[in-house]
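For the sequence shown, the working numbering puts the final residue at 266, and the numbers step up evenly by one.
Some notes on the structure that comes next.
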Amino acid sequence: MKRIVFLCLFSLCLSAFAYAEFKDIVTDPWVRAASLTRQTYVEKGDVYELIQYDRDILGRIYNGDLRLNEEGSKRLLTLMHQVVIDNPRPDEKSLVKAIDILAQKLDDKSYCANFLLELVSTNKIPNYRVMVKVMDTFAVILTNETSGKIFMALSMMYGKLDAFLFDPYAPGADMVLRSFMEFIAQYCDLVTNKKTLNDDYRGKICEFADKLDLGKKVEGNKMSQYAYLKNWERTGQAFYFYKLKEEYDLGDDDQRKATKESKGM
2 MKRIVFLCLF SLCLSAFAYA EFKDIVTDPW VRAASLTRQT YVEKGDVYEL IQYDRDILGR
62 IYNGDLRLNE EGSKRLLTLM HQVVIDNPRP DEKSLVKAID ILAQKLDDKS YCANFLLELV
122 STNKIPNYRV MVKVMDTFAV ILTNETSGKI FMALSMMYGK LDAFLFDPYA PGADMVLRSF
182 MEFIAQYCDL VTNKKTLNDD YRGKICEFAD KLDLGKKVEG NKMSQYAYLK NWERTGQAFY
242 FYKLKEEYDL GDDDQRKATK ESKGM
């Protein structure tokens, strides 16, 4: 029995060592070689082989150790562009993985913001699941440097968003609207509490909040059609204090007092 346990532990150690040993070191030459190899699959014309290659290479990049300089990061963005933007029918799994790579693996979030803007402008959002991924990523990469591209993309997406706002019980609407509200809450938090984001899009945030009835009191038994969404009330509170603090320039002590009063304390 002890021998079996020892052999099992030894096998696990070998597996861990093999993973560490063969983990891809993603450098500029590595990305360049991956792009050239992908081109051979494109020229071969087998769609299914190309999809499998894209999934494999993106998985290796995501799980790899990225050591890219500025040129390497640009080359990586070009590869993501080839896999998704230039692809007439991008594979959904590859699309989502490309977004995750740019959002999570690169320090400069402008690469991801540029990619998402082009993704939206070329109408490469096939379904609500990808739309949720895009909205979630907007909240993650929101900074002063990326906000312009993000709000430009949101303007382009508004037709799709408006359909879910009009019918919040449509398939996928709850997921899309929750992600949309998480973005609004993140904006309010970065401006009001963390104070790391310039309030350059106040008009848009107020417009979005008004559409979703955020921060509005429920009158009698008349409930907002969005109240069933689990983060509706929490996002409404974040928006209320964002608007209150910016309009009246409340200090932190005043804000805490206002919070207690709003909760009836």
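We put the CB at the ideal spot given by N, CA and C, even for glycine.
Source: prediction; values computed, not measured.
Around the C-beta of D211, are 16 or more other C-beta atoms found within 10 angstroms, so that it is buried, or is it exposed?
Label assigned to D211: exposed.
Assuming R130 is part of the alpha helix (DSSP H), what are its boundary residues?
Where R130 is concerned, the enclosing alpha helix (DSSP H) stretches over Y129 to I142.
What are the boundary residues of the alpha helix (DSSP H) that includes R68?
Counting along the chain, R68 falls outside any alpha helix (DSSP H), and DSSP gives it neither H nor E.
Report the partner residues of I26 according to the DSSP bridge assignment.
DSSP lists D66 as partners of I26.
Considering only residues of the same chain and omitting the five flanking positions on each side of E22, which have a CB-CB separation below 6 Å?
Summary for E22: the model assigns pLDDT 49, below 50, so the residue's position carries little reliability, and this model does not support an answer.
Between the beta-carbon of M136 and the beta-carbon of F165, is there less than 8 Å?
No.
Cβ of L120 within 8 Å of Cβ of C113?
No, the pair does not count as a contact, with Cβ atoms beyond the cut-off.
For the structure I just gave you, are there three or more beta carbon pairs, one from the segment 140-156 and one from the segment 196-214, closer than 8 Å?
Judged by Cβ distances under 8 Å, the segment 140-156 makes contact with the segment 196-214, as three or more pairs qualify.
Nearest CA to the CA of D29: which residue from D168, G60, T79 and K45?
When each option's Cα is compared against that of D29, the closest is T79.
Buried or exposed, going by whether 16 or more other CB atoms sit within 10 Å of the CB of F116?
Looking at its Cβ environment, which holds 16 or more other Cβ atoms inside 10 Å, F116 is buried.
Looking only at its own chain, which residues have a Cβ that is under 7 Å from the Cβ of L96, when we skip the five neighbours before and after it?
Closer than 7 Å at the Cβ level, and outside the excluded window around L96, lie V85 and V131.
Using a 10 Å radius around the Cβ and a threshold of 16 neighbouring Cβ atoms, would you call T193 buried or exposed?
Classification of T193: buried, given that the 10 Å Cβ count is 16 or more.
Can you give me the C-alpha to C-alpha distance between M81 and D163, rounded to a whole angstrom?
In a straight line, the C-alpha of M81 is about 29 Å away from that of D163.
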